Amino acid sequence: MDFPFYPSNDFGPLMKGMVIGGVGILHVFLAQFAIGGGILLCVFQWLAMTGRSKLAREFVDGYFRWVVLISFVLGALTGVSIWLTTIQISPRTIGLMVQEFHWLWATEWTFFCLEVASGYAFYRYGKVLPDRTRLGLRMSYSIASWMSLFWINGILSWQLTPAGWLEHRTVWSGFFNPSFWPSLLFRTITALAEAGLFACLIINLATNWTREQKQTMLHRAFYFLAPMALMPLVGAWYFAVVPDDSRRWVMGESVAMTMFMTLGVGASMLIGAYAVVMLVNRRNFINAMTSLVLIVLAVGATAGGEFVREGMRKPYTVRNVLYSNSITEADAAEMRCNGGAARDPYPLKNEASIPNEQLRLGAKVYRMQCSICHTEEGANGLLGLVRTWTPSQVRLNIAQLQRTKPFMPPFAGTAAELEALVQWLAWREAGNPTDWEVSAEPEVLKTIQGHLDEVGTVSGIALMQQNEAAARIRHQDERNQKGSR
Amino acid sequence: MFPFEFEPATIFYLFLYGATLVLHVLPMNYVLAGSTYLAGIALWELARGPSLAQRPLVELLRDWMPFALGVTITAAVAPLLFLQVLYQRPFYTANLLLFHRWMAILPVLIVAFYLLYLQKSHGWHKFAPWVRACVSTGILGCFAFVAWSWTENHLLSTRPLEVWKQVYASSDWFYHDPELMPRLAVWYVGAFPVLAAAMLWQLWWGGQFGTTTAVTIGNLAQPDHSPLAPTLRSLCILAFVGLAGSVVAGLGYFLFLDEPVRARLISSRAWPYLGVASVGLLGQAWLWRYVWKSGCVCGGTIASLAGAIVMAVGAATGLREMRRTATVDLAAYLEQHTAATKIGGIGVFLVFAVVCTGGITAVVLAVRRGLAAGNSPK
Chain A
0 MDFPFYPSND
10 FGPLMKGMVI
20 GGVGILHVFL
30 AQFAIGGGIL
40 LCVFQWLAMT
50 GRSKLAREFV
60 DGYFRWVVLI
70 SFVLGALTGV
80 SIWLTTIQIS
90 PRTIGLMVQE
100 FHWLWATEWT
110 FFCLEVASGY
120 AFYRYGKVLP
130 DRTRLGLRMS
140 YSIASWMSLF
150 WINGILSWQL
160 TPAGWLEHRT
170 VWSGFFNPSF
180 WPSLLFRTIT
190 ALAEAGLFAC
200 LIINLATNWT
210 REQKQTMLHR
220 AFYFLAPMAL
230 MPLVGAWYFA
240 VVPDDSRRWV
250 MGESVAMTMF
260 MTLGVGASML
270 IGAYAVVMLV
280 NRRNFINAMT
290 SLVLIVLAVG
300 ATAGGEFVRE
310 GMRKPYTVRN
320 VLYSNSITEA
330 DAAEMRCNGG
340 AARDPYPLKN
350 EASIPNEQLR
360 LGAKVYRMQC
370 SICHTEEGAN
380 GLLGLVRTWT
390 PSQVRLNIAQ
400 LQRTKPFMPP
410 FAGTAAELEA
420 LVQWLAWREA
430 GNPTDWEVSA
440 EPEVLKTIQG
450 HLDEVGTVSG
460 IALMQQNEAA
470 ARIRHQDERN
480 QKGSR
Chain B
0 MFPFEFEPAT
10 IFYLFLYGAT
20 LVLHVLPMNY
30 VLAGSTYLAG
40 IALWELARGP
50 SLAQRPLVEL
60 LRDWMPFALG
70 VTITAAVAPL
80 LFLQVLYQRP
90 FYTANLLLFH
100 RWMAILPVLI
110 VAFYLLYLQK
120 SHGWHKFAPW
130 VRACVSTGIL
140 GCFAFVAWSW
150 TENHLLSTRP
160 LEVWKQVYAS
170 SDWFYHDPEL
180 MPRLAVWYVG
190 AFPVLAAAML
200 WQLWWGGQFG
210 TTTAVTIGNL
220 AQPDHSPLAP
230 TLRSLCILAF
240 VGLAGSVVAG
250 LGYFLFLDEP
260 VRARLISSRA
270 WPYLGVASVG
280 LLGQAWLWRY
290 VWKSGCVCGG
300 TIASLAGAIV
310 MAVGAATGLR
320 EMRRTATVDL
330 AAYLEQHTAA
340 TKIGGIGVFL
350 VFAVVCTGGI
360 TAVVLAVRRG
370 LAAGNSPK
């Protein structure tokens, strides 16, 4: 057992990406609420202390109760959930992240401790503490929570744009990667906007305030949405620094990605438009239901944004290092010679119901290489995707997977393993019959080997870049030839 | 002596893991034993009516349990991090093998957390006794499930590939291991002395004894001559039972271990840990006996108790790793440990560890100053 083989789990009709995505979106939304909420509470505490708002003090205590109940419980535990869910989905990815950035993660932990200490101190004693101490606790909480974003943002953005780290392999070249600053700025703006929207809801829930009092507070809360005006610029900055291929998928080459991007942008624009209306006309009022609708839109925007951020990395989980199925380019090359799934020590859970050894191998190939992003018949189901292909088309498309779709990793295994996968797909499509003939024609294996050798184990991204470079040279040559004529 | 048979890189991460694990274990003990105490009292009150003698401890626990859980979860992050540097493959494998069952600890913890806030709420006493009993035992059930799952996960991670393959093929929801219940018993019973000492410190620090210097109320075995006597007596009994139970559970667990593991745990490499653990346990017993005989509580008693607890828990953590390394070939991961030591960022960690520790100290001092200014929490 040399390759890091791990037991693989099946989430039924759910893609593994949907599971981690769901947990991730929930956590990001709650964490951003806590970060923005910390800053918002500092400002409101200051408004109370300077006499600018008589209601601010009461609001701070009420709002913070929500921060504690939502963020300290759900936020903290969904954070742990992401960690444990990532282990379920891709242990090798989280292992690499921990290995490379454990000191920065440990640094983030020191800020968690400060966040919890200042947060609970305020929650428990805030009401009876002098204003200066209250502000001090609020500031300590805000700085700690924002710093936790600072640290985790570097690790997450490294996955898409490791850039200098690929060459130097130093922690800082990975941490301060090209998408670090735009990503940090974008998330900070989002956190402020979320905090403002939650404030609107909580202000509306206050039972002892008049409509005029609520209106005054609502307008103060909406100032936290004003930085959204910078979102287009920061978003453009982000897209300017991400790899070309990632950007192109979002901008139209992958319909799903474009749709999620549109969802994120559209929801943000609606929230932004509402913010403009509220900030321009101080007589406007927003009720609890509308606040809730805007929060739901913010969830939609977060979901769209996170899906795009995760999807843009394909075919990698760490760009140019680890493919989405936890196999490196070097692993793929080695497995072309020595086989991959055939060495997987973990048995199949339904081994007895599979009629022959070749099909069992095929099931293992699916489990090891495909099941991270595909299901058998559920979301992104593999059977549905290949249903209309002929057997030779299946062989060619899988053997040259990175050519079939550049966001797919190369096939990592021998011709025999590939044929086993083809047979397993056909057997599954046929409804799992009890008898199935072993496919062992040397000609078939020879053809598959030819397909595999033709493309090698280079990534689809690299192929695309090679093709584009070749096309540019051809175009240049043609222009030169025309010029010389 | 363990862990000096390993290379420096492995020793370094073992030390970090052990130290941060102790930081997690202490509040975790408070939560586990505290939820048991609250559930026990709730059931008692359901059967026998209000228990006024236990009220100060119950109120204290109700008030602080959500914070203690928050601290426990936060403190778990660091050992979980270093655990992944040390034992990445076995730890991840155990997670994957237990799958849904393992992941269920997260929603269970969320439920427990909200129930703790419900238990802390002002309207708690308005609930019928049976509702309070259900909530308190529900909380205990949640923590017991989490403790069980962690123990299951840990034991599975120490088993060889053959066991992993069997567990994977079986698709069973539960992993049955002969060590599971004895091991869980050690953790569980050992939590009570920590809880007793922590509550003693809380009562003293919070001024519940009327002073934060020293209080002496005489022999607790005598009839009540002070309103504090029942509370102190309860804490002493809790500690005595926990300490005696820890020794019994520890010996019981030892008997359940395989022979090679047992030999390792009584070899000369383990003597320092066994010695420190014994001193820690005996020290606690002596200190609690002193409190029982004299009814005297002062800063020195509490600091000595804290020291004895850290010795016992620290030594137990060392023995825990000795048991693990008896069946997990830690040396096989040396390359990974050495690579980890060469990765930058430790300086930043140390700087911010100091900064944030200073920040936490400043928070505590600021709150104390603020409260001393004339206010006190409701």
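For the record, the sequence lines run as chains A and B. Quick note on numbering that gives the first Met the number 0: the first sequence kicks off at 0 and runs consecutively. Quick note on numbering that gives the first Met the number 0: the second sequence kicks off at 0 and runs consecutively. Virtual Cβ for every residue (Gly too), placed ideally from N, Cα, C. These numbers were taken from a predicted model, which means no experiment stands behind them.
Give the range of the beta strand (DSSP E) segment to which residue i is assigned.
i: V317 (chain A); result: Y315 to V317
Starting from residue i, follow its DSSP beta bridges and name the residues at the other end.
i: T215 (chain B); result: B:C295
i: Y322 (chain A); result: A:Y315
Please report the Cβ distance between residue i and residue j, rounded to the nearest whole angstrom; I am assuming they are in contact, meaning their Cβ atoms lie under 8 Å.
i: L273 (chain B); j: V246 (chain B); result: Not confirmed; about 12 Å, so no contact.
i: W101 (chain B); j: S148 (chain B); result: 6 Å
i: Y237 (chain A); j: L95 (chain B); result: About 34 Å separates the two Cβ atoms, so there is no contact after all.
By how many angstroms is the C-alpha of residue j removed from the C-alpha of residue i?
i: W65 (chain A); j: A127 (chain B); result: 27 Å
i: S375 (chain B); j: G135 (chain A); result: With a pLDDT of 49 at S375 (chain B), under the threshold of 50, the modelled position of this residue cannot be trusted, and the question is left open.
i: G37 (chain A); j: A55 (chain A); result: 14 Å
i: V185 (chain B); j: I109 (chain B); result: 25 Å
i: F173 (chain B); j: L462 (chain A); result: 47 Å
i: C336 (chain A); j: N379 (chain A); result: 29 Å
i: K377 (chain B); j: H167 (chain A); result: Caution applies to K377 (chain B), whose pLDDT of 41 falls short of 50 and renders its modelled position unreliable; the value that the coordinates give is listed next. If you take the alpha carbons of K377 (chain B) and H167 (chain A), they lie about 56 Å apart.
i: L278 (chain A); j: L25 (chain A); result: 29 Å
i: A190 (chain A); j: T206 (chain A); result: 26 Å
i: L13 (chain A); j: T85 (chain A); result: 15 Å
i: G263 (chain A); j: V309 (chain B); result: 51 Å
i: A429 (chain A); j: R366 (chain A); result: 19 Å
i: A284 (chain B); j: T215 (chain B); result: 19 Å
i: Q87 (chain A); j: S50 (chain B); result: 46 Å
i: L293 (chain A); j: E375 (chain A); result: 37 Å
i: R323 (chain B); j: F1 (chain B); result: 12 Å
i: Y29 (chain B); j: V296 (chain B); result: 20 Å
i: G282 (chain B); j: A314 (chain B); result: 14 Å
i: W203 (chain B); j: R88 (chain B); result: 45 Å
i: E356 (chain A); j: K404 (chain A); result: 30 Å
i: A8 (chain B); j: V84 (chain B); result: 11 Å
i: I10 (chain B); j: F90 (chain B); result: 18 Å
i: F10 (chain A); j: Y322 (chain A); result: 20 Å
i: E4 (chain B); j: L95 (chain A); result: 27 Å
i: F58 (chain A); j: L200 (chain A); result: 12 Å
i: L40 (chain A); j: Y62 (chain A); result: 8 Å
At what residues does the alpha helix (DSSP H) containing residue i begin and finish?
i: D452 (chain A); result: P441 to V454
i: K53 (chain A); result: Where K53 (chain A) is concerned, there is no enclosing alpha helix (DSSP H), given that its DSSP letter is neither H nor E.
i: Y252 (chain B); result: A228 to F255
i: V130 (chain B); result: P128 to S156
i: T92 (chain B); result: Q87 to M102
i: N203 (chain A); result: F179 to L204
i: Y273 (chain A); result: V254 to V279
i: M17 (chain A); result: K15 to M48
i: F149 (chain A); result: D130 to L159
i: P26 (chain B); result: P7 to R47
i: S70 (chain A); result: That residue, S70 (chain A), is in no alpha helix (DSSP H); it is neither H nor E in DSSP.
i: W102 (chain A); result: P90 to Y124
i: Y345 (chain A); result: Per DSSP, Y345 (chain A) belongs to no alpha helix (DSSP H) and is neither H nor E.
i: R247 (chain A); result: D243 to R247
Could you pull out every residue in the same chain whose Cβ sits closer than 8 Å to the Cβ of residue i, ignoring the five residues on either side in sequence?
i: T316 (chain B); result: G17, L20, V21 and V24
i: K213 (chain A); result: I202, N203, A205 and F284
i: T150 (chain B); result: L179, R182, L183 and W186
Apart from the five residues just before and just after residue i, which ones in its own chain have a Cβ nearer than 6 Å to its Cβ?
i: S34 (chain B); result: I138, L139 and F142
i: G153 (chain A); result: F174 and F179
Is residue i near the ligand COA - that is, is its Cβ less than 6 Å away from at least one heavy atom of it?
i: A425 (chain A); result: The ligand COA is not part of the structure shown, which contains no ligands of any sort.
Taking 7 Å as the limit between beta carbons, can you name the residues of its chain near residue i, skipping five residues before and five after?
i: S147 (chain A); result: E107, F110, F111 and E114
i: F485 (chain A); result: A question about residue 485 (chain A) goes unanswered here, because the residues of chain A that appear run from 0 up to 484.
Mind listing the chain C neighbours of residue i? Cutoff is C-beta to C-beta under 9 Å, in chain order.
i: R88 (chain B); result: Absent from the structure: chain C. Protein chains present are A and B.
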